[in-house]
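**Student:** Numbering (the numbering used here), first residue to last: 1 to 382.
Here a beta-carbon is modelled for each residue, glycine too, at the ideal position from N, C-alpha and C.
Fair warning: this is a prediction, and the values are worked out from it, not measured in the lab.
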Ligand code: SF4
């Protein structure tokens, strides 16, 4: 009886029933250490992110990561958006997550790229392997979400392969001919190269077997009607032909990720930096203000007239600070005038797309990849 009562008591209390540690305030020096990287003249300090819940428990401050705080504070603010580049601020997130997005963008968001090159004729001075490699690096404008991955056992079909043809010849006696990416012509019906010429002649009624097995033309599919796949940039030089030289080939593009080969990476680069914070620790006036303004190569400081013929330095463009530290070099007095910091949970993120997908779509795709990973972890743990 007594044992049962004990069990019931155990059931009644769980860790979730305990009262929260109060969300008290940290003293300013600890708050600075928690939220800012301080960039001293020799090296940055407080670079670690203090994310564990008990970090300040002895001071009565709960430092645990809470979903409601995260969802209230997390923000994404787009600063600049063009067809190829997006700069945005990601605010209220840990460096590990920002870095996860960067890595996913580089290595795990899929694109289409030329993987297989069937060369019928190449009399140019560019070797077959080099030519194939160059073709592989041409960004292909085709939405990878419309295609399936192709495994080793799969047949190339209209759902996993895009076929391009390139056939160029330089006239004898004519000038040299520069072969550019615009020579890659889409073959919506699939490969034209016959796999085995004997099979084609043996049964004249059956269609000759080619290197793809398309069940329909890709241009009959609604997704491609107004959206023909092709090279994103038409002026990428792939070879230069001398008089009489010729290249005839088929290039097959498939879906892949940058982790397998850089040609599938959808970004030229994806990078971030923490938001710079430049603070004047005391009034910087007159000649010293002029000197401070002169020292900064990116013009972070301005000079303000404060009356009575006096001038004072102000921090006008802190976001432009590159952390070169020129403003705090040259003695202790400069370090006492200016503090250089970085906000630990505010990232200025830049995505430069290779052109296969717009940068804003790449970011949403990266979010989906991270979401899938989280779901897999949850499934494995449950
Ligand atoms: S660190 Fe360099 S860029 Fe930044 S404010 Fe100082 S001088 Fe300017």
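Report yes if the C-beta of residue 137 is less than 8 Å from at least one heavy atom of the ligand SF4; otherwise report no.
**Tutor:** Answer for residue 137: no, Cβ out of range of the ligand SF4.
**Student:** Give the list of continuous alpha helix (DSSP H) stretches no shorter than 4 residues that lie fully inside the stretch 302-380.
**Tutor:** Within the stretch 302-380, the complete alpha helix (DSSP H) runs of at least 4 residues are 332-337.
**Student:** Can you give me the Cβ contacts of residue 234 inside the same chain, cut-off strictly under 7 Å, excluding the 5 residues immediately before and after it?
**Tutor:** Answer for residue 234: 180, 181 and 182, listed in chain order.
**Student:** Grab me the residues of residue 85's own chain with a C-beta within less than 8 Å of its C-beta, minus the 5 sequence neighbours each way, in chain order.
**Tutor:** Here the set comprises 350, 351, 352, 353 and 359.
**Student:** Could you say which of 278, 72 and 369 lies nearest to residue 327 if we only look at CA atoms?
**Tutor:** The residue with the shortest Cα to Cα distance from residue 327 is 278.
**Student:** Closer than 8 Å to a non-hydrogen atom of the ligand SF4 - does that hold for the CB of residue 297?
**Tutor:** Yes, since a heavy atom of the ligand SF4 falls inside the 8 Å radius drawn around the Cβ of residue 297.
**Student:** Any chance the stretch 261-270 sits against the stretch 99-112, with 3 or more Cβ pairs inside 8 Å?
**Tutor:** As far as the Cβ criterion goes, the stretch 261-270 touches the stretch 99-112, which means the pair count is three or higher.
**Student:** Between which residues of its own chain and residue 128 is the CB-CB distance below 8 Å, once the five residues before and five after are set aside?
**Tutor:** These residues qualify, in order along the chain: 117, 119 and 122.
**Student:** Measuring only the C-alpha atoms, how far is residue 1 from residue 53?
**Tutor:** Residue placement at residue 1 cannot be trusted, given a pLDDT of 46 that sits under 50; the coordinates are not used to answer.
**Student:** Does the Cβ-Cβ distance between residue 149 and residue 255 come in under 9 Å?
**Tutor:** Result yes, Cβ atoms of residue 149 and residue 255 sit closer than 9 Å.
**Student:** Could you tell me which whole alpha helix (DSSP H) segments of length 4 or greater appear in the stretch 11-91?
**Tutor:** With a minimum length of 4 residues, the continuous alpha helix (DSSP H) runs that stay inside the stretch 11-91 are 28-35 and 67-73.
**Student:** Can you tell me whether residue 144 is buried or exposed, with buried defined as 16 or more other CB within 10 angstroms of its CB?
**Tutor:** Label assigned to residue 144: buried.
**Student:** Smallest Cα separation from residue 284: which of 314, 307 and 154?
**Tutor:** Here the closest residue by C-alpha is 314.
**Student:** Nearest CA to the CA of residue 251: which residue from 270, 231, 237 and 244?
**Tutor:** Closest option to residue 251, Cα to Cα, is 231.
**Student:** Closest to residue 75 by CA distance: which of 81, 68 and 90 is it?
**Tutor:** Minimum Cα distance to residue 75 is reached at 90.
**Student:** With DSSP run on the structure shown, which of helix, strand or coil describes residue 167?
**Tutor:** Reduced to three states, the DSSP call for residue 167 is strand.
**Student:** Under the three-state reduction of DSSP, which class applies to residue 276: helix, strand or coil?
**Tutor:** Correct three-state label for residue 276: strand.
**Student:** Looking only at its chain, what residues have a beta carbon closer than 8 Å to the beta carbon of residue 366, apart from the 5 residues adjacent to it on each side?
**Tutor:** For residue 366, where only same-chain residues beyond five positions count, the Cβ hits under 8 Å are 101, 104, 105, 108 and 109.
**Student:** Measure the Cβ-Cβ separation of residue 166 and residue 67 and say whether it is below 9 Å.
**Tutor:** Cβ distance not < 9 Å, so residue 166 and residue 67 don't count as in contact.
**Student:** In whole angstroms, what separates the C-alpha of residue 114 from that of residue 189?
**Tutor:** Between residue 114 and residue 189, the C-alpha separation is close to 17 Å.
**Student:** Determine whether the Cβ of residue 111 lies closer than 9 Å to any Cβ atom of chain B.
**Tutor:** Checking the listed chains, one finds no chain B in this structure; it contains a single protein chain.
**Student:** Give a single yes or no on whether residue 328 has its beta carbon closer than 8 Å to a heavy atom of the ligand SF4.
**Tutor:** At least one heavy atom of the ligand SF4 is nearer than 8 Å to the Cβ of residue 328, so yes.
**Student:** Check whether the Cβ of residue 278 sits closer than 8 Å to any heavy atom of the ligand SF4, and report yes or no.
**Tutor:** Answer for residue 278: yes, Cβ within range of the ligand SF4.
**Student:** Please classify residue 345 as buried or exposed, where buried requires at least 16 neighbouring CB atoms within 10 angstroms.
**Tutor:** Burial call: buried.
**Student:** Which residue comes first and which comes last in the beta strand (DSSP E) that contains residue 252?
**Tutor:** Segment 246-256, the beta strand (DSSP E) holding residue 252.
**Student:** Does the Cβ-Cβ distance between residue 39 and residue 323 come in under 9 Å?
**Tutor:** A contact, by the Cβ cut-off of 9 Å.
**Student:** Does any heavy atom of the ligand SF4 sit closer than 8 Å to the C-beta of residue 314?
**Tutor:** No - the ligand SF4 has no heavy atom lying nearer than 8 Å to the Cβ of residue 314.
**Student:** Using 10 angstroms around the beta-carbon of residue 160, count the other beta-carbons present and answer buried if the total reaches 16, otherwise exposed.
**Tutor:** Buried, by the Cβ-count rule.
**Student:** Taking the alpha carbon of residue 94 as the point to measure from, which residue in 302, 273 and 162 has its own alpha carbon closest?
**Tutor:** Nearest option by C-alpha distance: 273.
**Student:** Please tell me whether, using a cut-off of 8 Å, the distance from the CB of residue 342 to the nearest non-hydrogen atom of the ligand SF4 is below it.
**Tutor:** Flag unset: Cβ of residue 342 not near the ligand SF4.
**Student:** Hey, is residue 325 close to the ligand SF4, as in C-beta under 8 Å from one of its heavy atoms?
**Tutor:** Checking every heavy atom of the ligand SF4 against the Cβ of residue 325, one is found closer than 8 Å.
**Student:** Hey, would you say the C-beta of residue 288 is under 8 Å away from at least one heavy atom of the ligand SF4?
**Tutor:** No.
**Student:** From residue 372 to residue 334, what distance separates their C-alpha atoms?
**Tutor:** Rounded to whole angstroms, residue 372 to residue 334 spans 49 Å at the Cα level.
**Student:** At what residues does the alpha helix (DSSP H) containing residue 114 begin and finish?
**Tutor:** Careful: residue 114 lies outside any alpha helix (DSSP H), inside the beta strand (DSSP E) at 111-122.
**Student:** Tell me whether the beta-carbon of residue 363 lies closer than 9 Å to the beta-carbon of residue 88.
**Tutor:** Yes, they are a contact pair.
**Student:** Please classify residue 265: does DSSP put it in a helix, a strand, or coil?
**Tutor:** Residue state, collapsed to three classes: coil.
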